[in-house]
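Residue numbers (our numbering), protein chains in the order written: chain E, 5 to 295; chain U, 1144 to 1800; chain R, 152 to 346; chain A, 682 to 837.
All C-beta atoms, glycine included, are put in the ideal place defined by N, C-alpha and C.
For reference, the structure is listed below as structure tokens.
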Amino acid sequence: MRYLYYPGCSAEATGKGYDASARALMEKLGVSLVELDDWNCCGATSYFSVRELDSFAIAARNLAIAQQMGDDELCVICNACYTTLAKANRYMAEDPKVFAAVQGALGAVGRTYDGNVKVRHIMDILINDIGLEEFEKHVTRRLTGLKVAPYYGCQFSRPMGAFDDVQMPTTMDRLFEATGADVITDFDAKTDCCGGMMMLTREDAALRLCHELLVAARQGGADVIVAACPLCEINLEAYQPRVNKFFGTDFDIPVMYFTQLAGLALGVDPKQLAIDKQVVSCASVLAAIPA
Amino acid sequence: MPEDKIAVYFCHCGSNIAGKVDVEKVTAWAAEQPNVVVSREYKYMCSDPGQDLIKEDIQKLGVNRVVVAACSPTMHEPTFRKAASDAGLNPYLLQMANVREHCSWVTEDKDEATEKAKRILNAQIHRLPFNEALDPIEVPVNPAVMVVGGGIAGIEAALKLSATGKKVYLVEKQPSIGGHMAMFDKTFPTLDCAACILTPKMSAAGKDPNIELLAYSEVEEVDGYVGNFKVKVRKKARYVNTDTCTGCAACLEACVVRKVPSEFDQGLGKRTAIYIPFPQAVPLRATIDAEKCLTLKGKKCKQPCTTACGPQAIDFEQQDEVLDFEVGAIIMATGFELWDPTPETRYSYGQLDNVITSLEFERISNASGPTGGHIVLKNGEAPKSVAILHCVGSRDENYQEHCSRVCCMYSLKFSHLIKEHLPETEVYELYIDMRAYGKGYEEFYKRLMDEGVHFVRGRAAEVSSVALSPEEEGRLVVKVEDTLLGIVRRIPADMVILSSGLAPAKDAKSVAQTFGFGCSANGFYLERHPKLEPVSTVTDGIFIAGCCQYPKDIPDTVAQAGAAAAGALALVDNPTVKVEPTVSYIDPEKCCGCHICVSVCPHTAIQYNEEKGVAEVITAACKGCGVCVAACGSNVPQQAGYLDDQIFAEIEGAMAL
Amino acid sequence: MTELATTPQAKALHEQFCRDVMSMPGGEKIKICQQCGTCTGSCPTSYLMDWGPREIIAAFRAGMIDRVVKSNTIWLCTSCYYCTVRCPAGIKITDLMYELKRMAIKYDLVPKDSKNPAMTKIFVDSVHRHGRNHEVELMTRFMLAKDRGLPFKYWQVGLKLFAAGRLPLAAKNIRGRDELDKISAYLDAQEAKSQ
Amino acid sequence: MSDQFEPRLIGFLCRWCSYNGADLAGTARLKYPPNMVPIKTNCSGRIDPTHILKAFKEGADGVLIAGCHPGDCHYINGNYRTAGRYPLMEKLLEQMGLEHGRVRLEWVSAAEGEKFQHVVTEFTEQIRALGPLGWGEQFHDESAESEEATKEAVPV
């Protein structure tokens, strides 16, 4: 199997571990990820505040490149990139005016996009293309007894709900159940917001949200929180000391990209998964996994 | 053949038609059309003076064809046809042009509406010369009535009909009649005990000599037509001989399969594999659950039930029976289902303990329920705080758009019961709008305010178990915006009751198809007219009552059941009924005997006459769909009232302008 | 608080806003909001807002357009989409917030103390310069522009990430970065044409 | 009024579902273009190709057939006959040179006033985009003899 792959801007910085582990995990599963040529920023939420059409058009530039490369699917790891790119697709399909405007804008740079590249979250591919049965076959180090808090974040299935329940997603739960982990299936905060970009603009608000998430994870007895979005991951992981300072707490919960923990279960070398790049030590997690 | 003398009447319908259509202009234009001898306009054609215009013209001017341009024929075609008939004109020589529902009400522009009205009218003017005098077919009426559904609506309708001496077949899917009402503890706003007012009616229905109770039975097939329905009912095997079973319950004591979740107790209590759903069941007979009984599953069992049963009523060999009934009318009273809140995952139903549905609370608060009427949590303790969440699955585009009408009031009833049992417990009602519209309801609402219930105006955002303060530790937390304060509150609660809306029964659609009528967009049975025929369906002779039509409270249900019974009675109390003569006929001279019509007829109303080598229509069985006409390669079958020539003429008329 | 709805300018603005909002896909649903509060109750940041999303819709419908644009509400939306998927009236509230943000920027109605518009601008600039968002540049420029205290708050976080190699200083430029400018220029021209 | 092309349409509505759906659109005062004149039959299964050809011959630019949803037919399965016959009708009309889209089959229940509104609005626009058909003039120009011949040529 082969997929065209869109890493997203964070993959080059704070989210390096996500990118590295996604590639390593897929390689282990016999899937090659081919990076989209000369991809640009998806537009993220900021572009929506400028002009909706800009956001759709610059998102569509990526899809146009995918079309040019002869692919009709694009694998995305970041929740926000996924939602932004998929939203561009949906609005283009639903509104002929949007479609025409985007066509025009792409035409101005000599590109063309017909609206037929399907944007797929990497989780979608894992669950629906590779399948849990196949995935489970590759599990060499079962995560038995490891309490995993599956944290999906906002834009994993909201607002699209294309491959998982819009309100209560379960794909990550199922993926880790297949590794033998003790998944906290009633993790109540699994789709709550981490604060996103507000960590920079309204730190107090974002810290409060992270605090609630960490409380919920601790209440469930989590040994590790797994995330599916670079922004969620950085907020929950790197800002734990700030949360502690603000709320007088003592959180020190390892936070990983779900691809990192899944990679470990498949026996991928931790270094290849960039686990050493995590700022909250994952030693306790590594120690809990049998060799 | 006398010359055609067509009269045109154009109704203003107040301003309903005249406000959009230039009535004078169209009337004047109509007067110029071929065969039209008189063209009039009138404010309300359906009024007596309006109908008199038609009668006078028929009698004085010798009018022999009439077109009334007015509302939909489903409204007033019978009115005008009767007027024509009274004046001595065959009613089928009168046509209606629907210029209200299909024209004035749906068209923005006045000129466009006027032009469209002309085209609609012209179609009928062209058609009329091809109309033939037809005589309604008179058929005998079977005086028996079938009532489908044995909840309070079905019981009430059955009792009313029985009181007039009519034979009633009361069909109920469950082993006992009683429906949802039998599960309730109290009824709002009077707080009568539900069982106290319902069980006398149940037992009356069970004992009534005119009522044949068909419990644990389902309708499989319906054929026939008004006055003459043929119904196949499957009486499911109970594996108990109901003639000899006395309902002593000794078998229940003996049964070894003891942990089957009780449907009647919403799964909160347990029953045995051989069971009587509740002590007041009617008929009071045991039933074996074939999916749970060890013997019936082919497993080993010493069959202690057989030993315990004095009258030897248990019969493992019993089979389903399919029974045929003939009735003149049918009343549908198949009820509702509580909307299952599982998809509304943010309320954590099925995920977190002590998040329960309203029906579960009914059982918890019921003295004969699984907790003996003690309002307790799963761990047996009394809740210190209870939140009641309104509009779960109601008024929500994601699930059901409709208001379920009863939830506000039953929620208030819950508050009262909690306060009565546990005066120290805090009760929160989270509502969007408090709909206390019935007799005594607003007073009940005020009473609850006075009893100290907290009313929070806002729809709950989510129910969570994450504690952010010591007060929340180990409890449920309901997040809600108190819209009157404009703040988001976190309400700690030990029990959360989801006031789920009422949903159409899951099989409503297929049941409606079986009986030949439709469902509304919200899935409830569609009434013939929302205002004037709320208990009739489009199928003559089939009536509806209770929550299968739309959510309603008990008083409204009982009233509707009475209305449906009266409707059925008005039909079956006559020896005959007239049915439309728009049936097919085949000219044996033209028929080549190819069988196509025989094969397509949905009602097997066409038979092949071997002797004559032609197809023949059995008029009594033909319902007038016209499928045979369209199927025949040589257009031999023709349908009275819908002749090809008539349809062609309509097309010509519509396209002539 | 005086309501600008009474002045002719505000009325004109309200009409303009109404037209823009109603022309959004699904925008007309605002008319059927039943003020149930599910959005505000679900919103992770509503407690910080002058007016919650429910009140913003009420104010919008009442023509109190200044209350809508002067509030901090739209700038506190984290795009978590809880309100959108839960709204019983099917209102796409997150999209509405974007629309209102755009209009506030377009008509220069942004509250002076809000940092989010600056963040938006810096983000978009960064993307246009490199083709991708360069996180270090974004943070640095944001700090310089809006919050000079930020480095002191975040030095620990930053240092750790830097040490882990998760904050590369050099930005990567894509080959087709001029395309993004051209796309925007094209859309600018189209918009100018339509007005 | 603008001088855009106003299509002339015929709509065959079954009495139990679609006619009532159209009534409901009226009761709810839902507005739609006035181009279509409804003709009532008991069942959509009553409609045969001659009715459609007749409509085109009389100058219609488009013909709508609306019946009960599959499974909802008042006559058990009359609408299945319609559905089965429809592709054949389309093919026949295509062979006679009619472009695709001039005839449309829709299921509209008695509860679907809004759907009826949408269907008629959409169909009107669809035919407006296709432009005038002009079969009516053609037929009327021809001699009575060839008209007879056409009638003969209509298989069922």
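Query raised in the report: Within the 9 Å Cβ cut-off, does E:T175 reach chain R?
Result: no
Report task. Within its chain, find whatever has a CB closer than 7 Å to the CB of E:D76; leave out the 5 residues flanking it on each side and keep chain order. Result -> N120, V121 and K122
Report task. Could you name the residues of chain U that E:V219 contacts, counting a contact when the two beta carbons are closer than 9 Å? Result -> When 9 Å is used as the limit between beta carbons, E:V219 is near these residues of chain U: V1609, A1610 and L1611, in chain order.
Query raised in the report: Any residues in the region 181 to 210 of chain R with a beta carbon nearer than 7 Å to a beta carbon of chain U? Which ones, in chain order?
Result: Correct list: Q185, Q186, C187, G188, T189, T191, G192, S193, S197, Y198, G203, R205 and E206.
Query raised in the report: Just reading off the beta strand (DSSP E) that U:K1622 is part of, what are its end residues?
Result: L1619 to D1625
Query raised in the report: Using a Cβ cut-off of 7 Å, which residues of the region 1361 to 1394 of chain U contact any Cβ in chain A, in chain order?
Result: none
Query raised in the report: Between the C-alpha atoms of E:Q107 and E:S53, what's the straight-line distance to the nearest angstrom?
Result: 21 Å
**Report entry** Straight-line gap, R:T153 to R:L164 (C-alpha atoms, nearest Å)
**Finding:** Any answer about R:T153 is weak, because its pLDDT of 40 lies below 50 and its placement is not dependable; what the coordinates show is given next. Using only the alpha carbons, I get a separation of about 16 Å.
Report task. Inspect the CB distances between the region 183 to 200 of chain E and the region 222 to 234 of chain R and report whether three or more fall short of 8 Å. Result -> With a cut-off of 8 Å, the region 222 to 234 of chain R and the region 183 to 200 of chain E count as touching, because enough Cβ pairs lie within range.
Query raised in the report: If you count every other CB in all the chains shown that lies within 10 Å of the CB of U:P1454, and 16 or more means buried, which is it?
Result: exposed
Requested in this report: Counting only the same chain and skipping the five closest in sequence on each side, list residues whose C-beta sits under 8 Å from that of R:M175.
Outcome: The beta carbon of R:M175 lies closer than 8 Å to those of K243, D246, L247 and E250 in the same chain, with the five residues before and after it left out.
Query raised in the report: Going by alpha carbons, who is nearest to E:G293 out of E:T148, E:A15 and E:R27?
Result: At residue 293 of chain E the sequence reads Ile, which differs from the Gly that was named. Out of E:T148, E:A15 and E:R27, E:T148 has the C-alpha closest to the C-alpha of E:I293.
Query raised in the report: Under a three-way DSSP split, which group does U:Y1152 fall into?
Result: strand
Query - Collapsed DSSP secondary structure at A:S725 in the structure displayed - result: Here A:S725 carries a helix assignment [DSSP, helix/strand/coil].
Report task. Tell me whether U:P1862 sits in a helix, a strand or coil according to DSSP, three-state version. Result -> Because chain U in this structure spans residues 1144 to 1800, residue 1862 of chain U falls outside the shown range and cannot be described.
Query raised in the report: Is the region 1655 to 1668 of chain U touching the region 1482 to 1500 of chain U in the sense that three or more CB pairs, one from each, lie closer than 8 Å?
Result: For the pair of segments examined, the region 1482 to 1500 of chain U was found not to touch the region 1655 to 1668 of chain U: the number of CB pairs separated by less than 8 Å stays below three.
Query raised in the report: Is U:E1616 buried or exposed, if buried means 16 or more other CB atoms sit within 10 Å of its CB?
Result: exposed
**Report entry** DSSP state of U:F1479 mapped onto helix, strand, coil
**Finding:** U:F1479 sits in a strand when the DSSP states are folded into three classes.
**Report entry** Minimum Cβ-Cβ distance from U:A1603 to chain R less than 9 Å
**Finding:** yes
Query raised in the report: Who are the near neighbours of A:H755 in its chain, counting only those whose CB is closer than 6 Å to its CB and skipping five residues on each side?
Result: W697
Requested in this report: Please confirm if A:R689 has its CB atom under 9 Å from at least one CB of chain U.
Outcome: yes
Query - Exposed unless 16 or more other CB atoms sit within 10 angstroms - verdict on U:C1388 - result: Within a 10 Å sphere around the beta-carbon of U:C1388 sit 16 or more other beta-carbons, which makes this residue buried.
Query - Classification of U:E1315 by the beta-carbon crowding that lies within 10 angstroms, buried from 16 upward - result: buried
Query raised in the report: How about R:T350 and E:P163: are their beta carbons less than 9 Å apart?
Result: Residue 350 of chain R lies beyond the range of chain R shown here (152 to 346); nothing can be said about it.
Query raised in the report: Under three-state DSSP, which class holds R:R292?
Result: helix
Requested in this report: Anything in the region 713 to 728 of chain A with a Cβ closer than 7 Å to a Cβ of chain U? List those residues in chain order, please.
Outcome: Y713, P715, V718, P719, I720, T722, N723, C724, G726, R727 and I728
Query raised in the report: In terms of DSSP beta bridges, what is E:L171 paired with?
Result: The residue asked about is misnamed: residue 171 of chain E is Gln in this sequence, not Leu. Answer is none; E:Q171 lacks a bridge partner.
Query raised in the report: Interface residues of chain U around E:Q171 at Cβ under 7 Å?
Result: Contact note: E:Q171 reaches chain U through T1488 and R1489, using a C-beta cutoff of 7 Å and chain order.
Query raised in the report: What runs of the beta strand (DSSP E), each 3 residues or longer, lie entirely inside the region 1480 to 1516 of chain U?
Result: Listed in chain order, they are 1498 to 1500.
**Report entry** Validate contact between the region 300 to 315 of chain R and the region 237 to 252 of chain E using beta carbons, cut 8 Å, 3 pairs
**Finding:** yes
Report task. Return the chain-ordered list of same chain residues with a C-beta closer than 8 Å to the C-beta of A:E780, the five sequence neighbours on each side being excluded. Result -> L811
Query raised in the report: For the alpha helix (DSSP H) that R:L227 lies in, which residues bound it at each end?
Result: T224 to L227
Query raised in the report: What residue range is occupied by the uninterrupted beta strand (DSSP E) comprising U:H1597?
Result: Residues H1597 to R1600.
**Report entry** Span separating the alpha-carbon of U:L1669 from that of A:A709
**Finding:** 16 Å
Report task. Could you name the residues of chain E that U:Q1543 contacts, counting a contact when the two beta carbons are closer than 9 Å? Result -> Residues of chain E passing the Cβ test: none, with the nearest at roughly 16 Å.
Query - Residue burial classification, U:N1752 (beta-carbon count within 10 angstroms, cutoff 16) - result: exposed
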